[in-house]
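Residue numbers (this note's numbering), protein chains in the order written: chain A, 39 to 162; chain B, 39 to 162. Take a look at the structure below.
There are 2 protein chains.
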Amino acid sequence: MSTRNTIQRKLILDTVRSMCGHPDAEQIYSRIAENHPHISKATVYRNLNLLSEMGEIKKVCVGEGADRYDLRTDEHYHMRCRKCGRIFDAPDAAARVALSGATDGFEVESVNVELIGLCPDCKI
Amino acid sequence: MSTRNTIQRKLILDTVRSMCGHPDAEQIYSRIAENHPHISKATVYRNLNLLSEMGEIKKVCVGEGADRYDLRTDEHYHMRCRKCGRIFDAPDAAARVALSGATDGFEVESVNVELIGLCPDCKI
DNA sequence: TCTCTATTGATAACGATTATCAATTATATT
DNA sequence: AATATAATTGATAATCGTTATCAATAGAGA
C-alpha cells in the first residue's frame, strides 16, 4: 500500500472543507489547533500537498504571500484584491480563456488565471 | 524630487534589458556582479521593484520559485514548464482572455495568465 | 500478534525577499 | 563651487513560507 488513512489527514481534509474562502496553511493549522493543539504544522503542510496531489483539494498559487487552498477542484479562475489580499472565485461568466494550438510546441496541461484589482469593499 | 538617477539603477535596468528569457533577481545580480562585484544584492532587489513600479520592466510572479523579470511591459501571457521551470512568452494567438462585466463588483485592473505544462524540450 | 513502512511531531534548515541603519551620493539651492 | 538634504547604497540581520531531517509512532496486511 502507498498511502494510509491517518486521523490527521482526515482532520485536515475535513477542516479545509469546513472553511469558506481560500485559507492558507497557517489559517488551516490554527483552526485545527483550536481543538487539536498537538498537531504539527509540518503535518499540515505535508498533507495539504498530498491532498492536492490526490485531487481532493486544489492548491492556489497567488502572486503574493502564502499559497491558498480551495475545496473546489474544477477549473475556475480567481480574483485577488491588491489592497486587502483576499481572493474570490471569479464568476463563470467573468473570464474565459480561449486556447489555440499555436503554442510553439508547448503542451499545456493546466491554466492559472488571476484577475488582480479591487474588491467591492476596497473600492470605496 | 523623488527618485534619483543612480548608476546602480541604470546598470540594473540595462542588464535586465540585455538578458534574454525571464531572469530572476539572483541571475540578474550574478550577471552584474561579474563586472561590478561591489553591488549589493539588496540594491538589485530594491531597484527591480522600483523599476517595475515605474513601468520600465515587469515583475512576473510564477507559481513556483523566485519572481522573474521581463523587459516586455505590454500585456502578454506566459507558459511555464513544470519540469525544467523555464518560462516562455505565449504566442499572441495561443491564449486569449475574454473578460465580461460580470465580476460581482470586483474591479479588474490587470490579468495574470500562466499556462503550465511541458516545453518542447521536456516533452521528449 | 507481529512486522513493515508510511506517517507523525519537533525542530532545524532553506530560499526568497524585506527591514534596518549608518555611510554615501545625487541634486537643488545658495 | 560649496552646502544642505534627502534619496540611495552596502552590509547584514530578520522575516516569511515552506521543506528537510530524523527518531518515535502507528496504520494495515500477513
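We put the beta carbon where it would ideally sit given N, CA and C, even for glycine.
Helix, strand or coil at residue i according to DSSP, with G and I counted as helix
i      : result
B/L109 : coil
B/V82  : helix
A/K161 : helix
B/A128 : coil
A/S40  : coil
B/S90  : helix
A/H76  : coil
B/E102 : coil
Start-to-end residues for the alpha helix (DSSP H) that takes in residue i
i     : result
B/V54 : 45-56
A/A63 : 63-73
Expected contact under 8 Å - CB spacing of residue i and residue j to nearest Å
i      : j      : result
A/Y107 : A/V98  : 7 Å
B/L156 : B/R120 : 7 Å
B/A132 : A/L153 : So it is not a contact: roughly 19 Å between Cβ atoms.
A/Y83  : A/A63  : 6 Å
A/P158 : B/G143 : 4 Å
B/I70  : B/T53  : 5 Å
B/V151 : A/V135 : 7 Å
Burial state of residue i, where buried means 16 or more other Cβ atoms lie within 10 Å
i      : result
A/R118 : buried
A/D116 : The sequence given here has His at residue 116 of chain A, not Asp. Answer is buried; the Cβ neighbour count reaches 16.
B/N85  : buried
B/A80  : exposed
A/P75  : exposed
B/R55  : exposed
B/R42  : exposed
B/T141 : buried
Where the beta strand (DSSP E) through residue i begins and ends
i      : result
B/K96  : 96-98
B/A133 : 133-137
B/H116 : 116-119
A/G155 : 145-156
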